[in-house]
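Chains as they are written, first to last, in full-length UniProt numbering: chain A, 1 to 1063; chain B, 1 to 198.
No residue lacks a Cβ here, since even glycine has one placed at the ideal position from N, Cα and C.
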Amino acid sequence: MWKNSSLRCLLALAILCLSLVYSQEIGSLGDPQNLKCVTHNLQEMVCTWDLSSRGRRGQTDFLCFKTKERRVEIPLPESSSRVTIKSSGTSFPTKEFMIHEKDISFVPVTPRILSLTPDFSTSTLNLKWSDNGSVFPYGLDALWQIQILRKETMEEVTKVTYYSKLTHEDVILSWNWTSDMPLECTSHYVKIRCYINATQFLGPKDWSDWSPAEVIPGKDSEPGGSGVFPLDTVVAVGSDVTFCCVHEEDQHITNMTYGSKPYKMIQLSSRSHAIRVLNASASDTSGTNVVCHLENGMDGTVVFVGYAPDIPQNLSCETSNFFIIKCTWKPGRPSGLYGERKTKYSLFERMSGKNVSCEVNEMNRDRTCGFPVLPDQKTYDFILGVSNPIGQAQSSILVDITRRVHPKTPEKLSVTGNNSTSIQMRWFINGSFAGIRLLCQIEVSSGRSEKKLVSVKSLRPYTKYQFRVRCSSADHFWKWSDWSRGLEQTTAEAPPARGPDIWRERSPSGESLKVFWKPLSISEANGKIVSHEVSCYLLETLLEYKVVPEPSNSTEIKLGKGDCVISVIAKNSAGPSPPSRITSMELPSDNVTTDQAVAMGNGINISWDSYPDMTCGYIVKWCRSSGSEPCSVDWQKFPSNATNAVIRSALFKPGVRYNFSLYGCKSTGYQLLKNVTGYMKELPPKTAPNFTVEETSSDSILVKWEDIPIEECRGFLKGYLLSFAKGEKDALKPRLSESGNPELKVNNITDLTKKSMKILDLQGKTSYQLELQAYTAGGLSPPNSLYVVTKEDSVGLIIAILIPVAVVVLLGVLASIFCYRKREWIKETFYPEIPNPENSKALQFQRNICEGNKTLKTLEMNPCTPNSVEVVETQSTAPKIEDTEMMSPAAETTVPEDGSDSEMENHVVVSYCPPIIEEEISNPPMDEPGGSSQVVYIDIQSMYQPQIKQEEEPEIDLVTTAGYKPQMQLSISALKVEGHSPVEEELDKTAGYRPQANTNAWNMGTPDSPGSVESNNENASFGSPCSINSRQFLLPPKDDEDSPKPINTGWSFTHFFQNKPND
Amino acid sequence: MAAADSPSAALRRRDLCSRGIRLAGKMRVDVIDLLDAYVERQGLDVSSLDSSVAAVEGVPLAAVERWDEQTGTQRLLENLAAYRAFRALLAQMLEEQREQLGEADAGLGRALASVLLQVSAFTYHLEELLRLESRGEGEEEEDRPAPPPRLSIFEQKLRGLGVLRELAQWAVRSARDLRQLSKPSPATGTAAGLAESP
């Protein structure tokens, strides 16, 4: 405003008496009134007043003095001033006003925006204006109020106050504002005004007017402008972000999505809509898509939501070669931003001012960055700067690289010199270590131990070592390098450290001496032993010299009966060992005892008395093998103060006998002191002793056995067990000891000298099983078995035969005498000259048989009525009927107790016994259910009656039919096969008999029947009871050829009797 | 097509066609897989994008009218143009993918590189076939088109989707074209005359 030309003109014309004046009307009405004075710069003021009478109102110049200059500076009045206003060239009266300081207003000139620059990528507005400080006479505090408006309707978004100091000169002020909405979304407006805080100014102070609004037009006001904004932006996790979609006027937006989620839209203008995403979460590697769906298309943008870089942690710098300083750190939380938005690192060295950009792999957890070592600089002050689109961080470290040396792995490890006890090595480490000293460690290990040595000077000869090396700074240790690759090297050979351990033995013939030596241990051999030199000296004279190549460990020297001193030297490629000497002299010994020893623990303990004259110790010698194998001599030396030894050997096996010899050493030779046999562990004998029976009697057995071979004893024999018990030879029989035989007897023979035994108190002619077992402390051997039968007792046998013979003879004599004396009675009784039937034993015999069945009354010797044949129906066969129904009591009731009681029923008058009886007697076990066995007697008179009745009354009691069935009846039944009824079948079942032949073919006649006479066929009638008893009475009164006739083809003893009278 | 194919040339053409068909089949399978991976990794909602993915600039459309009336040479030339465009576009996609994702999604980068390799191989295959036809067309690759204007990341994603979709279509069409080519034709330059359409 100060530059406004009209105001300048006004001021030029104005007459100011003092400074800023506030008018106070003191004149009359119609004169100038309402005088107001305002200053904009605290140096000049502008007064206005009204001319009420003429209605004029305006600014009038009032003059104090005249000046032709264009600019007049009038200092501010110190106090109140009187102002007279007189219009020039008029007749109006002069008006006077009193103006006080406090009546003058101070209103700064309206600020003017110099520039408003948008940054669309960051949605930031940059505002620039001048503070006009030069117009004020002194420095002042200024307040600037900036108003941001948005949309076409110019809605206020924010109003901020900016403070500044006016420094009596014009300063361009700048202010940035970041919008929460992309600037493209809609138009943004900015206005500014100011307030000068002039504390010394007493009058009222006020804000300046707002500056004209500066606008940043949005895309929605741009013809054809469209898109989704912000474009490809990066925001921090948790931010609130606004996205807008600007489209063409004729398009219609359907929805907007953030990721896959639709959001509520806010209309910014007719062409612009926005969504607001609160607290945005981290996006995927490819960002989050924001899509604006239009009716006929779509548009979108991508936003990357991530984290600002974390402060680098564990920053550490070191050098491995003094060429490059390698700094490492941990990045902390991943930013979630990749590609061109990834976190970038730079290493800045403050002392040198050198900056290095770091190429890091964002997928690695550890980050490294190299910085070149600068000449003549030991200390480095590093600042690691980290930045990404969201933020930045840094970390610093001060290092002295001479104290941060981490050498690389030593390479090219090689051996440059080698002898038997030391090795010279060389290796290479890439780097420039001239300025420092290195400390290196060499790890030395051999196959035998993992011993690590610092020095490689005290090595053993002929030993394979593995070497590896690592290094560090010697003066300021920081880190060891990695171990180098291992190197194997064998030290050179050296002569054996000592002579071999030797022993000698004379051959059984005494003509030669066998010299043994033990191989030296690896540590003693100091190389590969190639041979042994054996010499034999008698005093100083060499009797024999032999070179025995490896691997032999013994040699034989022909010595005859003489003695010598034997010397043995082991040799390898580096040289000979010191000699080992032993004399061949063996001192005589007496009372050499043989003890037994069993291993306790893992060795065989051998003890002996102290022999004071054994000045050079003791030697225990044994064979490593036993039995038939050739003796492989082994020995062990003990000092002269020892009185026992535990001999251990991995070659000792359980159950094998070893023989130890204890020798005492004197200056003149060796003397055998004692022998010891021992076992590492006793086992049961492998086999049983062989035994034989030498002698057998009726009550004793003499058994002899042999010794078990030593190899099969497998322990010290304790005795034998001889077991015996009765038993037959049977391959399947278990061992006696396992059989549990209560008669088993066991004899324990502990006297090992005893080789036979007599077993007494045995039974004669009895088989015995013998078993013999040997046993040791380890257990019983398997048994050896024998079966022996004791001899028979001949006297007893003779007595046993003679006595029964004598008794029989005696009884025979007595019976003969008795029979002779009673011969008449016997004859009368058993063989009368005229047989009396009543006395007939045979008949009695028959009756006895019949008495077996109480219902049968046979041989009732009633006066025989020749013209009648009386038949009884025997029930002796009734039990033979299988059908139980036939056994019913009813059947018994139908059979009369006495046949004479009922003539209508079965008749009981007996005239003979049917032939079947004899069959029954002669063959009682035969239970043939046939009618022949049932038929005893048949009443010829009534023989047809039952049959007829049976035909007429099929329901007749089955028992009556069971006893006998006329065979014709059966034939009838047989003829009625076609008309079988169930009843008939039942009858068939009840029938105890079936015709054995075609009954039609039978001859119905008896031998004496007319038919039979005519035919003269006796065979046809044979067996018929009818034909046997009486030829007269067997014929029925009325000859009926069609009637069935019983037929019996049997033969009976009674038949003979019956026929006899006729004869 | 050559007027009088020698037996060896016919055999060679048939062999090239059959190998090309196999290559196209393999390429389609890989492109379909890549398409799935691409859509997933780029966070694209295919259902809402179907109607919005415009044709890719510079790539002839696989679907054409009167396909059955095309000559063998026309088929080969169209194929060649398409695959050369695909080669450039895929290379650009690969570069953009490296820029945007760095080492973060190496799997997608490898798949893209693999498809690019197959497209290059198929392009070479088509060039061989065209040479066999003795036409000489297409032997020299056309001048590279001017690099497209810088696209926003969203536009890059959409363009990538469009490229892969069109490539999948082209793989099918190429197989059919080559099958058509492998059939003995009675005369040179005449349409195959088959009712088959891509």
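Within 10 angstroms of its Cβ, does L181 (chain B) collect 16 or more other Cβ (buried), or is it exposed?
buried
Cα-Cα, which of A:R350, A:S335, A:N388 and A:L374 is closest to M363 (chain A)?
A:S335
Output yes if chain B places a C-beta closer than 8 Å to the C-beta of R71 (chain A); else output no.
With a pLDDT of only 37 at R71 (chain A), under 50, the local geometry of the prediction cannot be trusted, and no value is derived from it.
If you measure between the beta carbons of Y307 (chain A) and I390 (chain A), is that distance less than 8 Å?
yes
Here's a check: name, in chain order, each residue in its chain whose Cβ is nearer than 8 Å to the Cβ of V403 (chain A), leaving out the five neighbours to either side.
The sequence shown places Arg at residue 403 (chain A), rather than the Val named in the question. S473, H476 and W478.
With 16 other CB atoms within 10 Å as the buried threshold, where does K745 (chain A) fall?
exposed
Is the shortest distance between the beta-carbon of P184 (chain B) and the beta-carbons of chain A less than 8 Å?
no
Taking 8 Å as the threshold (beta carbon to beta carbon), is N289 (chain A) in contact with chain B?
yes
Please report the distance separating the alpha-carbon of A494 (chain A) from that of K561 (chain A).
39 Å
Three-state secondary structure (DSSP) at L167 (chain B)?
helix
Distance, Cα to Cα, L752 (chain A) vs L772 (chain A)?
13 Å
I need the straight-line Cα distance from K267 (chain A) to M351 (chain A), nearest angstrom please.
Reading off the sequence shown, one finds Gln at residue 267 (chain A), where the question assumed Lys. About 56 Å.
Do three or more CB pairs link the segment 215-227 of chain A to the segment 182-190 of chain A at distances below 8 Å?
yes
Quick check on M363 (chain A) - is its C-beta less than 8 Å from some C-beta in chain B?
yes
As a quick exercise: from A:R367, A:S134 and A:P118, pick the residue whose alpha carbon is nearest that of L127 (chain A).
A:P118
Taking the alpha helix (DSSP H) that N79 (chain B) belongs to, which residues open and close that run?
G72 to L101
Any C-beta of chain A under 8 Å from that of D45 (chain B):
yes
Looking at the ligand ATP, does it come within less than 7 Å of Y787 (chain A), judged from the CB to the closest heavy atom?
Of ligands this structure carries none, so the ligand ATP is not represented either.
Please confirm whether D30 (chain B) and V115 (chain B) have their CB atoms less than 8 Å apart.
yes
For G102 (chain B) and chain A, any beta-carbon pair shorter than 8 Å?
yes
Span of the alpha helix (DSSP H) holding G109 (chain B)?
A106 to L132
Does the segment 404-414 of chain A come close enough to the segment 479-487 of chain A to have 3 or more Cβ pairs within less than 8 Å?
yes
Using the beta-carbon of each residue, which ones in chain A are nearer than 9 Å to E99 (chain B)?
G339 and E340
Beta carbon proximity, H293 (chain A) to chain B, threshold 8 Å
yes
Delimiting residues of the alpha helix (DSSP H) encompassing E40 (chain B):
P7 to R41
Counted within 10 angstroms of its Cβ, other Cβ atoms place G385 (chain A) as buried (16 or more) or exposed
buried
Since I believe A142 (chain A) is in contact with I104 (chain A) (beta carbons under 8 Å), could you give me their beta-carbon distance rounded to a whole number of angstroms?
Incorrect: roughly 19 Å between the Cβ atoms, too far for contact.
CB of C713 (chain A) within 8 Å of CB of T776 (chain A), strictly:
yes
Consider the Cβ of S449 (chain A): report whether some Cβ of chain B lies at a distance smaller than 8 Å.
Residue placement at S449 (chain A) is flagged as unreliable, the pLDDT there being 44, under the threshold of 50; the coordinate-derived value follows with that caveat. No, no contact with chain B.
Under 8 Å between beta-carbons, which chain E residues line up against R41 (chain B)? List them in chain order, please.
Here the protein chains are A and B, and chain E is not one of them.
Would you identify the three-state DSSP class for K183 (chain B), choosing helix, strand or coil?
coil
Length of the line joining the Cα atoms of C17 (chain B) and P331 (chain A):
54 Å
Identity of the residue in A:K378, A:C317 and A:S552 nearest T368 (chain A) by Cα
A:C317
Report back the beta-carbon spacing between G20 (chain B) and L178 (chain B) to the nearest angstrom; my notes put them in contact at under 8 Å.
5 Å
Using only CA atoms, which one of A:I253, A:S281, A:Y258 and A:S756 lies nearest to N296 (chain A)?
A:I253
Quick one: residues in its chain with C-beta nearer than 7 Å to the C-beta of M154 (chain A), no 5 flanking neighbours on either side, listed in chain order?
Y189
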